[in-house]
Amino acid sequence: MAALGMDIPGLAPPRRAAAWLARAGDLALPAAAIALIFAAWEWGVALLGIGAYLLPPPSQVFAAIATMARDGSLWANAQVTLGATLTGFAIALAAGIAVGGLIAQSRLVERTVYGYLVAIQTLPKIALAPLFVAWFGFGLSSKVAVAALIAFFPIVVNVIAGLKSCDPGRLDVMRALSASRWQVFRHVQLPSALPFIMAGADVAIVFALTGAMVGEFVGATAGLGYQMVLSNSQMEVPKVYGVLVVLGGIGMLLHGAVALLRRRLLSWMPAEAAPSSPSRS
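Each residue of the sequence shown is one higher than the one before, starting from 1 at the first, in the UniProt record's numbering.
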């Protein structure tokens, strides 16, 4: 019946219910693990008598988060950091696809440019952040630049790997049909590289958040990194830990959003197009 395109009444709802139960189970285990960690943290701090100025218990940390949420500082600073993260990620994604495409299409460009990209990647980004602040100022631009720089390399590496993994048989067919290089790239190479691109984006979105925080640590007037530096200078340690918890939540949400987009995009791809172990370096 299913092969004829007919749905049997009563079967679809149980399948949907089973799918929802499976998803709920996938979420319940990490949530239980986090709750256990926080409980052990609260109990361990009280048992060992650790001062709040060293390691505040979760109850104080969440109280600090609630205080920052009530006075509006948490939302305002989170918007600044999230804006820098997403803007830097978008720039890194566009530049990574463009540069990776050029490198994969031309051996001359690869020999000329790729070594310099590796050299830039080996530089500690915290050392470049003060230069970006000097060049772009204390505003949003310097944070976007650091975020884009850190997120760029994972994307460009995966783009190159994806474009070079294209099936040679498909390329031969396109050439036999007298397709242009742009048509070959658009219809064959880019779809084949999409799983690699999304794997790189999955890593890069978290790197972009790290880059935005690095820029805010070095010099900023707003953002969660600025909030951490300010709270630390005022010895408000629970607020420092509270910002760390919020950052962890933002990182998980960004990772989940990219993973969801990846599943949606790759659901239309043939099974053989997805690499078994995409590059994440």
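The beta-carbon is built from N, C-alpha and C at its ideal position, and this holds for glycine as well. Note that the structure is a prediction, hence the values are computed from the model and not measured.
Worksheet entry | Closest by C-alpha distance to GLY215, when choosing among LYS164, ASN232 and ALA145 | Within the sequence shown, residue 215 is the residue found at index 215, counting from 1. The shortest C-alpha separation from GLY215 is found at ALA145.
Item to complete: Tell me whether ALA2 sits in a helix, a strand or coil according to DSSP, three-state version.
Response: Taking the sequence shown and counting its residues from 1, the one referred to as residue 2 is at position 2. Confidence is the limiting factor: at ALA2 the pLDDT is only 45, short of 50, which leaves the residue's position unreliable and the question unanswerable from this model.
Worksheet entry | Rounded straight-line distance, which links the Cα of LEU48 to that of ALA201 | Position 201 of the sequence shown, counted from the start, is the residue given in the question as residue 201. Position 48 of the sequence shown, counted from the start, is the residue given in the question as residue 48. Spanning the two alpha carbons is a distance of roughly 42 Å.
Fill in: Proximal residues to LEU261 (C-beta, below 6 Å), its chain only, five neighbours per side dropped
What you label residue 261 is simply residue 261 of the sequence shown in a count that begins at 1. Counting only Cβ-Cβ distances below 6 Å, and skipping sequence neighbours, we find nothing.
Practice prompt. In the DSSP assignment, find the unbroken alpha helix (DSSP H) run with ALA76 in it and report its ends.
Written response: Taking the first residue of the sequence shown as 1, we reach residue 76 at position 76. Segment 73-105, the alpha helix (DSSP H) holding ALA76.
Discussion item. With a threshold of 7 Å on Cβ separation, who are the neighbours of ALA92 within its own chain once the five nearest residues in sequence on each side are excluded?
Written reply: The residue given as residue 92 occupies position 92 in the sequence shown. So the qualifying residues of the chain are ALA148, ALA151, PHE152, ILE155, ALA204 and ALA208.
Worksheet item: Does DSSP put PRO57 in a helix, in a strand, or in coil?
Response: Against the sequence shown, residue 57 aligns to sequence position 57. Looking at PRO57 - three-state DSSP - the assignment turns out to be coil, as it is neither helix nor strand.
Discussion item. Could you tell me the alpha carbon to alpha carbon distance between MET174 and ARG263, rounded to whole angstroms?
Written reply: By 1-based counting over the sequence shown, the position of residue 174 is 174. By 1-based counting over the sequence shown, the position of residue 263 is 263. Whole-angstrom Cα-Cα distance: 28 Å.
Discussion item. If you follow the alpha helix (DSSP H) that ALA148 is in, where does it begin and where does it stop?
Written reply: Along the sequence shown, one-based indexing puts residue 148 at 148. 140-164 is the span of the alpha helix (DSSP H), which, as asked, contains ALA148.
Worksheet entry | C-alpha distance - TRP41 paired with VAL80, whole-angstrom precision | Sequence index remark: in the sequence shown, residue 41 carries index 41 (1-based). Sequence index remark: in the sequence shown, residue 80 carries index 80 (1-based). Taking the straight line joining both Cα atoms gives about 30 Å.
Discussion item. For chain B, check one thing: does any of its Cβ atoms lie closer than 7 Å to the Cβ of GLY251?
Written reply: The chain labelled as chain B is not found in the depicted structure, where only one protein chain is given.
Worksheet item: Given a threshold of 16 other Cβ atoms within 10 Å of its Cβ, counted over all protein chains shown, does TYR241 qualify as buried or as exposed?
Response: Your numbering for residue 241 matches position 241 in the sequence shown. Classification for TYR241: buried.
Item to complete: Using beta-carbon positions only, say whether GLU110 and ILE103 come within less than 7 Å of one another.
Response: Position 110 of the sequence shown holds residue 110. Position 103 of the sequence shown holds residue 103. Yes. Within cutoff.
Fill in: Collapsed DSSP secondary structure at PRO124 in the structure displayed
Within the sequence shown, residue 124 is the residue found at index 124, counting from 1. Coil.
Discussion item. To the nearest angstrom, how far is the alpha carbon of GLY251 from that of VAL206?
Written reply: Counting from 1 along the sequence shown, the entry for residue 251 is found at position 251. Counting from 1 along the sequence shown, the entry for residue 206 is found at position 206. Cα-Cα distance, rounded: 6 Å.
Fill in: Reduced DSSP secondary structure (H/G/I, E/B, other) of ASP202
For the purposes of this step, residue 202 is taken as residue 202 along the sequence shown, with counting starting at 1. Reduced to three states, the DSSP call for ASP202 is helix.
Worksheet item: What number of angstroms, rounded off, separates the C-alpha of LEU265 from the C-alpha of GLY44?
Response: Taking the sequence shown and counting its residues from 1, the one referred to as residue 265 is at position 265. Taking the sequence shown and counting its residues from 1, the one referred to as residue 44 is at position 44. Cα-Cα distance, rounded: 44 Å.
Practice prompt. Could you have a look at MET252 and say whether DSSP puts it in helix, strand or coil?
Written response: Here residue 252 corresponds to residue number 252 of the sequence shown, with the count starting at 1. In this structure, MET252 counts as helix in the three-state DSSP scheme.
Practice prompt. Keeping to the same chain, check which residues put their C-beta closer than 6 Å to that of LYS239; ignore five residues upstream and five downstream.
Written response: Locating residue 239 in the sequence shown gives position 239, where the first residue counts as 1. These residues qualify, in order along the chain: ALA64 and SER231.
Worksheet item: Taking the alpha-carbon positions, what's the GLY90 to ALA78 distance?
Response: Within the sequence shown, numbered from 1, the residue matching residue 90 stands at position 90. Within the sequence shown, numbered from 1, the residue matching residue 78 stands at position 78. Looking at the sequence shown, residue 90 is not Gly but Ala. Near 18 Å, if we compare the C-alpha coordinates of ALA78 and ALA90.
Worksheet entry | Sequence-distant residues of the same chain with beta carbon closer than 7 Å to PHE138, five excluded per side | The residue given as residue 138 occupies position 138 in the sequence shown. Only GLY219, ALA220 and THR221 meet the Cβ criterion.
Practice prompt. Could you have a look at SER231 and say whether DSSP puts it in helix, strand or coil?
Written response: The residue given as residue 231 occupies position 231 in the sequence shown. Residue state, collapsed to three classes: helix.
Discussion item. Less than 7 Å between C-beta atoms, sequence neighbours within five positions excluded: which residues of the same chain meet that for PHE132?
Written reply: Position 132 of the sequence shown holds residue 132. Cβ neighbours of PHE132 beyond the five flanking positions: SER142, ALA145, VAL146 and GLY215.
Worksheet item: When you compare each of PRO191, THR87 and PRO124 to GLY101 by their alpha carbons, which one comes out closest?
Response: Locating residue 101 in the sequence shown gives position 101, where the first residue counts as 1. Cα-wise, what sits closest to GLY101 is PRO191.
Worksheet item: Which term fits VAL246, buried or exposed, when burial requires 16 or more other beta carbons within 10 angstroms of its beta carbon?
Response: Position 246 of the sequence shown, counted from the start, is the residue given in the question as residue 246. When all chains shown are included, VAL246 counts as buried.
Fill in: Coil, strand or helix - ILE65 by DSSP
To locate residue 65, count along the sequence shown from 1; it is residue 65. In the structure shown, ILE65 sits in a helix (DSSP, three-state: H, G or I).
Worksheet item: If you compare alpha carbons, which of SER59, MET213 and SER233 is closest to ALA84?
Response: On the sequence shown, residue 84 is found 84 positions in, with the first residue counted as 1. Nearest option by C-alpha distance: MET213.
Practice prompt. Rank TYR53, LEU36 and ALA134 by C-alpha distance to the C-alpha of SER233 and give the top, closest one.
Written response: In the sequence shown, residue 233 corresponds to position 233, counting from 1. Looking at the Cα atoms, TYR53 is the closest of the given residues.
Worksheet item: Can the beta-carbon of ALA193 be found less than 7 Å from the beta-carbon of LEU224?
Response: Within the sequence shown, the letter at position 193 stands for residue 193. Within the sequence shown, the letter at position 224 stands for residue 224. Contact: no.
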